[in-house]
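For the sequence shown, position 296 matches number 418 in our numbering, and the numbering has no gaps at all.
Quick reminder that beta carbons are idealized off the backbone N, C-alpha and C, glycines included.
As structure tokens, the structure follows; a few thoughts come after it.
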Amino acid sequence: MPGDRGLTPAELQLDERGRLRHLLTTEGLPRELLVEILDTAAQFAPVAGAPVKKVPLLRGRTVLNLFFEASTRTRTTFELAAKRLSADVLNIDAQTSSTSKGETLFDMQRTLEAMQVDMFVVRHGSSGAAHFIAGHAAPGVAVLNAGDGRHAHPTQALLDMYTLRAHRPDFRQLRVAIVGDILHSRVARSDIHALRTLGAGEIRVIAPSTLMPSGIETLGVTPYTDMDAGLAGVDVVMLLRLQRERMRGSLLASPGEFHRAFGLTEKRLAALGPDALVMHPGPINRGVELAGELAYSPQSLILQQVEHGIAIRMAVMAMIIGRTEGA
Ligand code: CP
123 MPGDRGLTPA
133 ELQLDERGRL
143 RHLLTTEGLP
153 RELLVEILDT
163 AAQFAPVAGA
173 PVKKVPLLRG
183 RTVLNLFFEA
193 STRTRTTFEL
203 AAKRLSADVL
213 NIDAQTSSTS
223 KGETLFDMQR
233 TLEAMQVDMF
243 VVRHGSSGAA
253 HFIAGHAAPG
263 VAVLNAGDGR
273 HAHPTQALLD
283 MYTLRAHRPD
293 FRQLRVAIVG
303 DILHSRVARS
313 DIHALRTLGA
323 GEIRVIAPST
333 LMPSGIETLG
343 VTPYTDMDAG
353 LAGVDVVMLL
363 RLQRERMRGS
373 LLASPGEFHR
383 AFGLTEKRLA
393 ALGPDALVMH
403 PGPINRGVEL
413 AGELAYSPQS
423 LILQQVEHGI
433 AIRMAVMAMI
443 IGRTEGA
């Protein structure tokens, strides 16, 4: 097929001047760019509180949300972000698109590009789908990865970093535990890359052995299969959903048993102290990865994460298709 230049996602997402052309992964994303995204998001955050929640930056541009997997937070916050930047927004639900009649992803992309779309926001169940689309994109068409299989969810990691930075600006002092279904989690991978780039003091991953990827240490994290040992002394607990839709075979005894062994309970959070922070990308499963009472407790940043998703997505879109020529 024409267009695939054989570049890795980290290489393909930057242009020849080192600026963002697509956003496919936080792996290999240079620190200066990552910090620039967070700082740009901080500039856009006040738009949410303005009487008219709109700025004209992307007027006349077209953003297409192409979602092949279910989503509440990511799809709606991408749509809101694009609309607050004054872009025209189209939403395609893959279930009712012509891919359900046998059209390939490649042909669908060509068809949509013929409508002069400027940006695709893609969520897909297959790792590498956004990379594939970016590799075949027409000149000037950008691709944002909104989550591909187990591989990456870069805007989730960026909004997580933005949220963390608002509460704990010195990442060198941070001890973070990422807990749950590490094996199937694109969020865990993207968060680990971003945390390392920002110099987090210590990153732990906690999971049952059946949900712990072998060789995870190579990402610069310390694995634990005992929840209480892994949590001891951490400042931030990032919880993950059990991704039953990606599990093959019986990797877990039951959700109740998982909660007893790996759930964040009030007792476990109390042991960490009142300053410990709780994060979760959502959707949450109450009584499985966390006790329901903790979801919106004072120590929980879960709804702030959702809110910050809009500013982060505005920032990424603005940095890619909001630049004026030569800037
Ligand atoms: N965090 C996240 O990706 O949520 P959605 O699946 O609802 O988009």
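**Message:** Please enumerate, following chain order, all residues with a beta carbon closer than 7 Å to at least one heavy atom belonging to the ligand CP.
**Reply:** A192, S193, T194, R195, T196, R197, G269, H275, Q278, V309, P403, G404 and P405
**Prompt:** Roughly how many angstroms lie between the CA atoms of P178 and A204, to the nearest whole one?
**Reply:** 10 Å
**Spatial distance of P124 from L151 (CA atoms)** = Low local confidence applies: a pLDDT of 46 at P124 is under 50, so the model's placement there is unreliable, and no value is given.
**Nearest to S422 (by Cα), restricted to the options P403, G431, I434 and R363** = P403
**Message:** Could you check whether I304 and L333 sit closer than 8 Å to each other, using their CB atoms as the reference points?
**Reply:** yes
**Asked** Which word fits P396, buried or exposed, when buried means at least 16 other C-beta atoms lie within 10 angstroms of its C-beta?
**Response** exposed
**Whole runs of the alpha helix (DSSP H) within the region 212-250, excluding any shorter than 4 residues** = 227-235
**Request:** Can you grab the Cα-Cα spacing for the pair R287 / F293, in whole Å?
**Result:** 8 Å
**Enclosing alpha helix (DSSP H) for D436 [first to last residue]** = Position check: residue 436 holds Met in this sequence, whereas Asp was assumed. Here the alpha helix (DSSP H) through M436 covers I424 to I443.
**Message:** Quick check: the Cα distance between Q135 and R143, rounded to an integer number of angstroms?
**Reply:** 5 Å
**Item:** Which of helix, strand or coil DSSP assigns to A299
**Value:** strand
**Request:** Would you mind working out which of S208, G444, D270 and Q238 sits nearest S312, comparing C-alpha positions?
**Result:** D270
**Request:** If I'm right that M401 touches D282 with Cβ under 8 Å, what's the distance once you round it to whole angstroms?
**Result:** 6 Å
**Asked** By the 10 Å Cβ neighbour count, where 16 or more other Cβ atoms means buried, how is P131 classified, buried or exposed?
**Response** buried
**Asked** Buried or exposed: which applies to S307, given that a residue is buried once 16 or more other Cβ atoms fall within 10 Å of its Cβ?
**Response** buried
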